[in-house]
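Student:
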């Protein structure tokens, strides 16, 4: 009743912020991802200073450690129809963009004191893969684990994705992993005590060319064989699922009502908190700067806060994995590719499924908070780490979205951001041992769908690491397959 | 009670949830609500707390309403037009009596949606359904957007953002030095706080003798993905992409939220909202207004309120707690350790604005926390240069009087002119 509001848009109160601080949030990016403050209509204009002051009063912070969260374009909520009214040159590769703060500011927040001198297992990357693995290992009784994260929790792609989870894949391995992941997501609140708001509204893929229709039909047959009830729909059938859609140019659709959308942030820190409760140490704002190797093994992980002697190292740093592997002299074939995404003002629920036009890479869904969250791959996006946000993306996305869903023309974009896909040559992950360095384990290369695969992959990986029993995942998707020419092609990639 | 200080000269009527509201033609919808004593404009997203206009500068989200079928419009930014259909949002059955405010009483401190009923079989499924139904603000528009004119692409030498004290002084300087510029002002008239603030000793509003000054022009972004940097500007329902060589930012700040229980009650206003209502719209938002916060600003605002026939109370005190069920009816304040409860029908929170640093940062400027003002401010050299092609002036740098802002605008204007007249690209 007598609440002190710090973020009136999202109704975040002083008591909620006290709770976030008690749970370990020390910076505005983390507080944002824990409480949701600053994600509403005002995007921080009203609340950012108030929350910074609140934090500064309760956490010992020097002025250099008080940093704003990255301001996301646009400056004021702006209608999709306006962004769609501009043009862009499809022949030119996108570049630049409004910069993200990631990589510029973390040094100020580096914790004092050294990292633990030794640990049985060091996991590099505090994203969904690393944290889910840490929790699964701890569940199996192995809690001598340190997770190293260079930024705040949710700083990487795990905190930047649209939260889509689907069983509609093109290979049996990924279908099985996705089905298991969705089961684990349903149990997440029971197992870890945190609501992640999985909403199974389905995935509706639209196809506009014969080639994509053939791909959907091929994969639907595979889904049915593996127990996924995917149906091929006519355009009219697809409009029965989402009446607001236009079907211009659509030839067919694939529909699985069991796919869904999840809220990424609590899913990630839910794993982190539960792992920490079981004794895992999660070291944020800590950078890996090298490896000490001898006798064909990694002996120590060298960080900017000291060395950690260890038996096993897991590289689960997503799109940052190749640059870290190179510190150990290992060449990974993955490349980072920027994918841009945006979120609208919150609306009352009207859109059940995640809709994707596989031909163009457009996808959009409605989050549990009511926002239309969506993005669109850019065929001209060059390889390279770039977390900038472009006007070109807003225009491309707005044009494609308002063509498919005209009623959102006057809906306003609140914020845009981007995240890196971790792209491998065959669109399949890299898992298991590293040739020549057997105690360096790979857990990366998930091409934009690591978030939804993580619960199942981590469960299998923890079992494989703890028992040593063979598992085809860690034989099929090894790094050595690229040298051996054994590619595992996956073609159900959005964007 | 709130009241108009002058009779309405050009009356129009529009509709609020079926009720007829009289407004002065062209005034913001939210101003007409305040004058009509309709303090509750909406209900908050989670606890369904009553909300009314707070900042009157399109910076908070307290006044969102559905207008002519389009959700989440800022009532403080949309001008009243005859026959407009305004609906309150997120309330059941309506905004004055919203049964969903029960959540506010049940969860008296906060509602931990992360852990509430986590993992309880069956119940969590029901909770998911209920949460989905309660989520979101506003309904999908019934119709697609009207056809938009294609965005206009423009190239200018110097772009100035903001036509307040600092921006106008910079623009006058550029005009005097013979440097062509285009100025973008979000509001219908230039002046900023010279027009709507309570500052004493503020300079008069003086437009530059020449130059391209565009009002009703909202800069919504600064992007650099097409090579040279470009401002995205919305004006008269059309997007403009304005490529520039040099940029002068004088876009000020947004009211800072002060933290105390019930700080979001209708009737609690940012100080500049109160002075704006008085000066620009001739509306006194309450008869007995508690004027709390930073002492100098309080004194200036109190004077303005008194001269309009209102009573300023608790002037310069610190707010401790606001009271009231549907709108504020009292404020507990502390003055040098003495705590008392003061009856009032409006509250003005006086505090320096929080710099709107987003565009500056997108242009590459550094933003840092100032330990004294406890605000994020834009860093620049003594003449306002923040990057090789960006100059900043006024309240973007931190708390500043209107006179000091104008002086900073003059200095930055000269610095930019020196650079531009020296030739070459920045």
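Protein chains in written order, with my numbering: chain A, 1447 to 1941; chain B, 234 to 659.
For each residue, glycine too, the CB sits at the ideal point set by N, CA and C.
The model shown is predicted, which means the values in this text are computed figures rather than measured ones.
(1) Which residue's Cα is closest to the Cα of residue 588 of chain B: B:285, B:246 and B:292?
(2) Quick one: which chain B residues come within Cβ less than 8 Å of residue 1643 of chain A?
(3) Go through its chain and collect everything with a Cβ distance to residue 1848 of chain A's Cβ below 6 Å, but skip five positions before and after it.
(4) Along the chain, where does the beta strand (DSSP E) containing residue 563 of chain B start, and where does it finish?
(5) Identify whether residue 1719 of chain A lies in helix, strand or coil by the three-state DSSP scheme.
(6) Please decide whether residue 416 of chain B counts as near chain A, where near means a Cβ-Cβ distance under 8 Å.
(7) Hey, residue 1934 of chain A and residue 1923 of chain A: beta-carbon distance below 8 Å or not?
(8) If you draw a straight line from the C-alpha of residue 661 of chain B to the C-alpha of residue 308 of chain B, how long is it?
(9) So residue 1760 of chain A packs on residue 1898 of chain A, CB below 8 Å; how close in whole Å?
(10) Report yes or no: do the region 1894-1914 of chain A and the region 1570-1580 of chain A share at least 3 C-beta pairs separated by less than 8 Å?
(11) State the DSSP-derived secondary structure class of residue 244 of chain B, mapped to helix, strand or coil.
(12) Residues of the region 274-285 of chain B with a CB closer than 8 Å to any CB of chain A: list them in chain order, please.
(13) Quick one: does residue 1495 of chain A have its CB under 8 Å from some CB of chain B?
(14) Round the Cβ separation of residue 1942 of chain A and residue 1540 of chain A to the nearest angstrom and send it over; I've been treating them as touching at under 8 Å.
(15) Within 8 Å of any Cβ in chain B, is that where the Cβ of residue 1512 of chain A sits?
(16) Any idea what DSSP makes of residue 337 of chain B, helix, strand or coil?
(17) Here's the rule I'm using: 16 or more other beta-carbon atoms within 10 Å means buried, otherwise exposed. How should residue 321 of chain B be labelled?
(18) Could you please tell me which residues of the region 1741-1774 of chain A, in chain order, have their CB closer than 7 Å to any CB of chain B?
(19) In whole angstroms, give me the CA-to-CA distance for residue 283 of chain B and residue 342 of chain B.
(20) Within 10 angstroms of the Cβ of residue 1631 of chain A, are there 16 or more other Cβ atoms? Answer buried if so, exposed if not.
(21) CB-CB under 7 Å to residue 301 of chain B, same chain, minus the five flanking residues each way: which ones, in chain order?
(22) With a Cβ-Cβ cutoff of 8 Å, do residue 563 of chain B and residue 583 of chain B count as a contact?
(23) Using three-state DSSP, classify residue 1928 of chain A as helix, strand or coil.
(24) Using a Cβ-Cβ cutoff of less than 6 Å, which residues in the same chain neighbour residue 1455 of chain A once the five nearest sequence positions on both sides are dropped?
(25) Which of helix, strand or coil does DSSP assign to residue 381 of chain B?
(26) Is residue 413 of chain B helix, strand or coil by DSSP?
(27) Counting pairs of Cβ atoms below 8 Å between the region 396-404 of chain B and the region 438-447 of chain B, do you hit three or more?
(28) Can you confirm whether residue 1949 of chain A, when its beta carbon is compared against all beta carbons of chain B, has any partner nearer than 8 Å?
(29) Taking only beta-carbon atoms, is residue 607 of chain B less than 8 Å away from chain A?
(30) Would residue 525 of chain B pass as an interface residue toward chain A - the criterion being a Cβ-Cβ separation below 8 Å?
(31) Using a Cβ-Cβ cut-off of 8 Å, state whether residue 289 of chain B counts as contacting chain A.
(32) Determine whether the Cβ of residue 1553 of chain A lies closer than 8 Å to any Cβ atom of chain B.
(33) Using 8 Å as the limit for Cβ to Cβ distance, is residue 1893 of chain A near chain B?
(34) Helix, strand or coil for residue 288 of chain B, going by three-state DSSP, please let me know.
(35) Using beta-carbon positions only, say whether residue 1867 of chain A and residue 1785 of chain A come within less than 8 Å of one another.
(36) At 8 Å on the CB atoms, spell out the chain A contacts of residue 335 of chain B, in chain order.
Tutor: To lay it out plainly:
(1) Working through the second chain from its first residue, we reach residue 588 of chain B at position 355. Of B:285, B:246 and B:292, the residue nearest in Cα terms is B:292.
(2) In the first chain, the residue the question calls residue 1643 of chain A occupies position 197. The contact set of residue 1643 of chain A on chain B, defined by CB atoms closer than 8 Å, consists of 361 and 364 in chain order.
(3) For this step, residue 1848 of chain A is matched to residue 402 along the first chain. These residues qualify, in order along the chain: 1526, 1530 and 1855.
(4) Residue numbering aside, residue 563 of chain B sits at position 330 when the second chain is read from its first letter. 563-568 is the extent of the beta strand (DSSP E) around residue 563 of chain B.
(5) On the first chain, position 273 is the one that residue 1719 of chain A refers to. Note: residue 1719 of chain A maps to helix in three-state DSSP.
(6) If you number the second chain from 1, residue 416 of chain B lands on position 183. Contact of residue 416 of chain B with chain A is not assigned, every C-beta pair being separated by 8 Å or more.
(7) Indexing the first chain from 1 puts residue 1934 of chain A at position 488. Indexing the first chain from 1 puts residue 1923 of chain A at position 477. Taking 8 Å as the Cβ cut-off, residue 1934 of chain A and residue 1923 of chain A qualify as a contacting pair.
(8) Because chain B is modelled from 234 through 659, residue 661 of chain B falls outside the range shown and cannot be assessed.
(9) Along the first chain, one-based indexing puts residue 1760 of chain A at 314. Along the first chain, one-based indexing puts residue 1898 of chain A at 452. 19 Å between Cβ atoms; not a contact.
(10) Touching, yes, given that three or more Cβ pairs across the two stretches are closer than 8 Å.
(11) What you label residue 244 of chain B is simply residue 11 of the second chain in a count that begins at 1. Strand, per DSSP.
(12) Residues of the region 274-285 of chain B whose Cβ lies closer than 8 Å to any Cβ of chain A, in chain order: 277, 278, 279, 280, 282 and 284.
(13) On the first chain, residue 1495 of chain A is found 49 positions in, with the first residue counted as 1. With 8 Å as the cut-off, residue 1495 of chain A counts as an interface residue toward chain B.
(14) This structure gives no information on residue 1942 of chain A, because the portion of chain A shown stretches from 1447 to 1941.
(15) Reading the first chain from its first residue, position 66 is the one you call residue 1512 of chain A. For residue 1512 of chain A, the answer is yes, since a Cβ of chain B falls inside 8 Å of its Cβ.
(16) Along the second chain, one-based indexing puts residue 337 of chain B at 104. Helix.
(17) On the second chain, residue 321 of chain B is found 88 positions in, with the first residue counted as 1. Buried: at least 16 other Cβ atoms inside 10 Å.
(18) Against chain B - using a Cβ distance shorter than 7 Å - the region 1741-1774 of chain A contributes no residues.
(19) Reading the second chain from its first residue, position 50 is the one you call residue 283 of chain B. Reading the second chain from its first residue, position 109 is the one you call residue 342 of chain B. Cα to Cα, the separation comes out at about 16 Å.
(20) Within the first chain, numbered from 1, the residue matching residue 1631 of chain A stands at position 185. Per the 10 Å Cβ criterion, buried.
(21) One-based indexing of the second chain puts residue 301 of chain B at position 68. So the qualifying residues of the chain are 317 and 318.
(22) As a working note, residue 563 of chain B is residue 330 in the second chain. As a working note, residue 583 of chain B is residue 350 in the second chain. At the C-beta level, residue 563 of chain B and residue 583 of chain B stay beyond 8 Å of one another.
(23) Here residue 1928 of chain A refers to the residue found at position 482 when the first chain is read from its first residue. Note: residue 1928 of chain A maps to helix in three-state DSSP.
(24) Mapped onto the first chain, residue 1455 of chain A falls at position 9. If the five residues before and after residue 1455 of chain A are omitted, its C-beta is found closer than 6 Å to the C-beta atoms of 1486, 1487 and 1488, all from its own chain and listed in chain order.
(25) Looking up residue 381 of chain B in the second chain gives position 148. Residue 381 of chain B: coil per DSSP, three-state reduction.
(26) Position 180 of the second chain, counted from the start, is the residue given in the question as residue 413 of chain B. In the three-state scheme derived from DSSP, where H, G and I count as helix and E and B as strand, residue 413 of chain B is classed as coil.
(27) Yes, the region 396-404 of chain B is in contact with the region 438-447 of chain B.
(28) Residue numbering for chain A in the displayed model covers 1447 to 1941; residue 1949 of chain A lies beyond these limits and cannot be assessed.
(29) On the second chain, position 374 is the one that residue 607 of chain B refers to. Yes, because at least one Cβ of chain A sits closer than 8 Å to the Cβ of residue 607 of chain B.
(30) Working through the second chain from its first residue, we reach residue 525 of chain B at position 292. When Cβ-Cβ separations below 8 Å define contact, residue 525 of chain B makes no contact with chain A.
(31) The residue given as residue 289 of chain B occupies position 56 in the second chain. Cβ-Cβ to chain A under 8 Å: no for residue 289 of chain B.
(32) Walking along the first chain from the start, residue 1553 of chain A turns up at place 107. Not an interface residue.
(33) For the purposes of this step, residue 1893 of chain A is taken as the residue at position 447 of the first chain. Taking 8 Å as the CB threshold, residue 1893 of chain A stays off the interface with chain B.
(34) As a first step, residue 288 of chain B must be located in the second chain, where it is residue number 55. Residue 288 of chain B carries a coil assignment under DSSP once its states are collapsed to helix, strand and coil.
(35) Residue numbering aside, residue 1867 of chain A sits at position 421 when the first chain is read from its first letter. Residue numbering aside, residue 1785 of chain A sits at position 339 when the first chain is read from its first letter. In this structure, residue 1785 of chain A lies closer than 8 Å to residue 1867 of chain A by Cβ.
(36) Within the second chain, numbered from 1, the residue matching residue 335 of chain B stands at position 102. Within 8 Å Cβ-Cβ: nothing; residue 335 of chain B doesn't reach chain A, min ~11 Å.
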